[in-house]
Structures are given as structure tokens and as C-alpha cells.
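Have a look at the structure below before the remarks.
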DNA sequence: CAGGGTTATCGAAGCGCTTCAACTGGAAGG
DNA sequence: CCTTCCAGTTGAAGCGCTTCGATAACCCTG
């Protein structure tokens, strides 16, 4: 491996000069810079990451902690992760992928060893065991999701409360008075992952305000589960004219089942989904939906954590406003027969 | 941060002794070991990753290069990534997440800087620009997928040729003589990602051997695309009695469309999918399928790359044999009217 | 009990980089 | 013309760890 010292010799300057050319932390004459850069290119020099980390006590690595579960919608997680990785590169950082498996120990390990300069946590639960450690660690950290007590921490998330409200509003405006919500799997609520509960709260609050009847049911991610949930919903509320779906896995099944029941979308029932745009446009009916801005969330998380590392940002709650796109699956409530 | 020197002082031994306790590379008396370990615990010591990497020229990091595309089935990628991460931890390594974005430059950077000890590449194309670099880098590397020339490289993958063959065999045994294959999006074939083409080859070869008529059509991942593809298939081959699907995204749409056409599964048409088991059991009909062993692939990739790092393994092609699980979507070919 | 082999420990020399204090030569200012 | 200043450069001191060779204490064997 080529070292900085060899580059220095090749360029006829001292090691520190090469270092300053690389970091730009001191002024270097154009001629010298050019010569050094030339040597770097010729020798194919790459700074040694370990040496750099040791000398500067900065690793230029961001740790990203992902959930290990499979009951969450993976594509969203994946898209966030990829957005984090590409945005991090734009800031000259790399991403270390941690799974939730190790739990709080992973935080301790990464922070203690100086492996990463900063952390981004996904799938944060309301009362997350990793948070106390994070608070006392003094490392920049950003959560994707919102815990019960976000004090002292920076969080990014879609404003799910507003998302719920927005869905209800849209349908209420179209005249729907009986709305059913197909939620995430029961386990997601039991685990107290905030987003599902916040969505439900937003839905309920708005529904109450607008005088809309709301039925909220969790649903596992399979066709069979959707079939069961649907028949129970229609049993309890035969006058349901609209569905709001928050479990991406059952969107197709729901549309398929409605078709089998002879219910046309949107003429007989309207459907609004909370899902990535891609899913919404690939369904059998182009779905009116509130997008989950996965890419944006990942990007923001990195921007925020970098800003914190530079000491620029205070702790804050970065709630992305939901945007509802009207497509072909929602329409005026049918006239009651 | 607590350093090794402080631990040494606290335990009343030299720094090197602490180091040897940690690494186990020299024998240490039980009494000393105990004392050192006690000090480590009391002080909450964590070895500094950078210093370690510098001194030992091993970072204990595996780089995982993922595709950035969204036309591949993300959950499989994600599951592989998670399996890689957890298996790596079991070998006391961490995972650095790279996206394909940087292309070959990422290989150069990571190898050159000593950031990672080893690499795992996903989504390898037949003629992948990263491979020459990898070969000359002398770092242990494992590909998930198989390039045109795997010489000098270790590869892990599902045996997609055998997978294709297996699907055809199963259906042929059931008496099907006209089989349609719904493949990946056209872009996947054009990019020459080997797996899609290998599957097709396996399908065709076996079909020819068994005297089965095969129609192979690529298909984008949307309901509308599936509808178009299906009608074209049935136009060209009205006698089609079985479908093999390799694009997870259109499994639900296909089943839904068949239902609409009044074709019962498996009485009128059989369906075999190539997809993760989870997808197969969550569909409206429990699908006969060949599983994509994502977790196993990720795990194997790490095991192999670790073995290479220890100098234990030669280059090889680790083809996982496909396993077909018969569920409710395949049955005897209907008697021609 | 001398000689050889183990076992347990230590000291010191780096690993390749960053960064600080110090130095130099020339431009600017009085 | 001498001081002051600053841009440009350097040498040297670490950063916290691993590892090699040396040492000392011990146990065996003949």
C-alpha cells in the first residue's frame, strides 16, 4: 500500500504538506498542490482509514441501525437505507449497517470503539432501550421515528397524525360517512412502534371532528388475513363506503376481494392507501394515497446528523408533512339506496 | 474514552498483557486474565477501532455492495443484507453498506483505504466492471450471483438453471404440456443479470427434453403489465394450463386476473412461483414454489468470505440446490375438452 | 544440579495519519 | 530600512493499539 510518506517523497514535500493538501485545512500554494495531487494520482494513493481515524478521532462513518423484524414493510426500510448510504457518501461518509439484534449493546460498542461518528436509528419504539445510552453518549444521533420522550434527541418522521387526518378529510369531503381502516399487523401496535398509533390517533381525532364513523382493524399481511378482516368489517359496518389501508402487503388482496364482492372502486367504495407512490401506481387501480417519503426520510436523517456533528443544529422534531395524491381509487360516496 | 493503557495500569500489568488477554494470542495465567477482565468491566473499556485497524491492518469490517435499482425485488435484497449483517457479527465483524452508485470506484476506495477486509457484492452482472479490480486486489471477495467468467472469484447463488428445470419437471409430471413463464422485467434481461437468463435457460432446456411447449415473456411489476402480458399469452397459446412466475410483484395480480377470467387454480391452471416462501404462503392461493433462500445466501457469503480471509478456501461456485415445495396452486393438467 | 524447554510477562518499536508550534522569505507598513 | 505580518511549509509529537524479541521464573530430564 502506498503511504502518505511515499507521496510526500515523490512530490518532494513533507508529509504534513500532503496532509494539508488533502484536508484543505491550511493554505497551500497552487504549484505545490498541483504537484502533490499529481503524485497522488500517479501512485494511486488512498489514505488509510484506520490511521486517519486514530489520528483525527473521526471515522467518517455513520452507523445505521435497522430492525431485524420482517413484519415491517421491507421495501420502505430498504429505500431509507439506500438513501442514507448515498446521502452519506455525498458528505464523504460511509455507512455501517447494524441490526437490531444486538440491541442497546450495539450502541455501546459502536460508540465506545469510535467505530462510528454518528448514529441513525430506524424502527424506534415508544420506549426504546437504546435511547438512554444515546443521550448520554454525546454522539450525534438521529432517530427515524418518534419515541414517547424525544427530549434531547433529533427525530425525523412522516407526520403520521396529520397523515391519518388527511386521509379522513379527503374521504369526508367526498361525502363518505362510514370509513374502515385496515391497519398494520397487531404485533406492530403491541410493540408500540409510534407511527401506527399516531396514524390511528390522527384518523380518530379527525373523524370525530368531522362526524365520520370510523372502524379501525389491524390486519396481518396475507390474503387470508385480509379476507377475514374484510368480512368482519363488512359484517360490523355494512354501510362502509371507504377504506384506508396502512398495511402495504394487503393492498392487492383488498382490491381483489372487493372486486369479487362486486364492489367497484371507486364507484361503490373508495380506497386510500398509506404507502410508497410506487406501490400506489402499480396496483390494479391507481390508488389515491399518502406517500411514505422513504428516500426523503433517509436523506434528511443524514443531513441532520451531519449538521449536529458540525454543532449546527439543536435537537428537533422534523415532521414531514404528508401529501395526498388523488388517483383513481377515491370518488364521491355512493348515494344510499 | 478509556484506553488500553488505563486498563493496564488499573490491573497492574503492562499494556501488552491486556492486549494478549483481549486477543488470546499468547497464554495468560488465569489469575492475570481474571484481573484484567475485571478492570475492563469496571472501567467500561472498549478497544478503539481505528487504533486496532492501524496496528493490525485488519478492520474487522466486511463491505457489502448493494444495487441501487428498484426494479429488483427489494425484500430479497434486504433479507440478504440482514443475514450478512447478523452472520458477520457472529464472526466479530461489522458490515459497511455500499451502494452500486459509485461503481468500481467504491471497490478501489474501500480496498485502497483498508476500510474493509473483505467484500461481498450483490446483483453481479454477467460482465461486471467491478470484477477486474476485485481480482487484482487480493482481498477476499464473494459474489452473490454469477458473472460470465467466475474465474478467480468465489460465488454464491441459488442454482437458477436447476430451478427452472425443476419447475418445468414438476408441471410436466402433472401432465401439463403448455406452460407460460412470466419473467422479470425486460430491463433485468437487458442488463444481463445472470439469474434471470439462467432460469430461462433451465426452463427451456428441460422443456425441450420433456417435450413441453414453453412461452417465456418478461413482465414489468405492475397489475396493468401483468394484465397485458397475460392476455397476450392466452392469445398466443390458448391451451396454456400452467404458469411459472419469476416476478414476485405480479404474483397477486396474476392470481387475481385468473380469477376474473374464471380460471380456477389449480383446477383449470396451475401456478408455480419462484419467490421467497413468505410470499408464497401469503398469496390468495398457497403457492407451489421454489424458495429463494435469501437468508442462506447471505449467511453462506459471509462464511465463505471469512474462510477465504483465513486462507482456507479455494475459489468456488457455491450453487444452492433449489427446493420445490408443493402447495395448493399446482395440480394435474385439466383434461382437454 | 546443569541444561533445555515452557509459560507468563514486559518494553519498545512501530502502524500511517493529523496537528501544533515553529520557521522562512517576501510583501506591506511606518 | 527595519519591523510586522502572513502565506507557505516543515519537523516532531502523538493517536491507541499490536506484536516481536527479551527476560525471568518455573518445571522437567538425565
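Residue numbers (the numbering used here), protein chains in the order written: chain A, 1 to 337; chain B, 1 to 337. Virtual Cβ for every residue (Gly too), placed ideally from N, Cα, C.
Boundaries of the alpha helix (DSSP H) harbouring residue 7(A): 4-11, taken from the DSSP string.
In chain order, 223, 252, 253, 256 make up the part of chain A whose C-beta sits under 8 Å from the C-beta of residue 252(B). Of all residues in the segment 196-208 of chain A, none is placed with a Cβ closer than 8 Å to any Cβ belonging to chain B. Taking C-alpha positions only, residue 225(A) is separated from residue 41(A) by approximately 60 Å. Among the CB atoms of chain A, one or more fall inside 8 Å of the CB of residue 68(B). Per DSSP, residue 1(B) has no beta bridge partner at all. In this structure, the straight-line span from the alpha carbon of residue 148(B) to that of residue 57(A) is close to 43 Å.
Just measuring C-alpha positions, the residue of 161(A), 162(A), 160(A), 143(A) sitting nearest residue 153(A) is 143(A). For residue 5(B), no CB of chain A lies under 8 Å from its own CB, so it is not counted at the interface with that chain. In the three-state scheme derived from DSSP, where H, G and I count as helix and E and B as strand, residue 155(A) is classed as strand.
Chain B has a Cβ within less than 8 Å of the Cβ of residue 86(A).
Per DSSP, reduced to three states, the secondary structure at residue 136(A) is helical. Across the structure, residue 121(B) and residue 67(A) are spaced so that their CA atoms are roughly 22 Å apart. In chain A, no part has a C-beta under 8 Å from the C-beta of residue 325(B); the shortest such distance is about 16 Å. Within the segment 93-115 of chain A, 94, 95, 96, 97, 98, 99, 101, 102, 106, 108, 109, 110, 111, 112, 113, 114, 115 place their CB atoms closer than 9 Å to a CB of chain B, listed in sequence order.
Interface residue (Cβ-Cβ distance to chain B less than 8 Å): residue 59(A) is classified as such. Taken in chain order, the complete alpha helix (DSSP H) segments of 4 or more residues contained in the segment 212-255 of chain B are 223-236.
The bridge partners DSSP lists for residue 178(B) are 213(B). For residue 277(A), the enclosing alpha helix (DSSP H) starts and ends at 277-282. At the C-beta level, residue 85(B) and residue 98(A) come within 8 Å of one another.
Chain-ordered, the chain B residues with CB closer than 7 Å to the CB of residue 78(A) read 74, 77, 78.
By the Cβ neighbour-count rule, residue 229(A) is buried, with 16 or more other Cβ atoms within 10 Å of its own.
As for any beta strand (DSSP E) of minimum length 3 sitting wholly inside the segment 73-149 of chain A, the runs are 94-99, 118-121, 141-144, ordered along the chain. If you draw a straight line from the Cα of residue 199(A) to the Cα of residue 189(A), it is about 11 Å long. Contact with chain A is found for residue 46(B), since one of that chain's Cβ atoms lies less than 8 Å from the residue's Cβ. Within chain A, 98, 99, 101, 102, 106 have C-beta atoms less than 9 Å from the C-beta of residue 89(B), given in sequence order. Per the Cβ contact rule, the segment 321-332 of chain B is in contact with the segment 155-172 of chain B (3 or more Cβ pairs under 8 Å).
Sequence-distant partners of residue 183(A) (beyond 5 residues in either direction) whose C-beta falls short of 8 Å from its own C-beta, in its chain, are 189, 196, 199, 200, 216, 217, 218, 219, 246, 247.
Annotation for residue 289(B): the continuous beta strand (DSSP E) segment containing it runs 288-290.
Around the Cβ of residue 38(B), a 10 Å sphere holds fewer than 16 other Cβ atoms; the residue is exposed. If you draw a straight line from the Cα of residue 33(A) to the Cα of residue 17(A), it is about 9 Å long. Minimum Cα-Cα distance from residue 209(B) among the listed residues 222(B), 168(B), 81(B) corresponds to 168(B). What residue 50(A) touches in chain B, judged by beta-carbon distance under 7 Å, is 50, 53, 54, 59, 114, going in chain order. Selection 159(B), 104(B), 78(B), 63(B) evaluated against residue 274(B) yields 159(B) as nearest (Cα-Cα). Using beta-carbon distances, residue 287(A) does not count as an interface residue toward chain B, since no partner is under 8 Å. If you look at residue 319(B), you'll find it in the beta strand (DSSP E) that goes 317-320.
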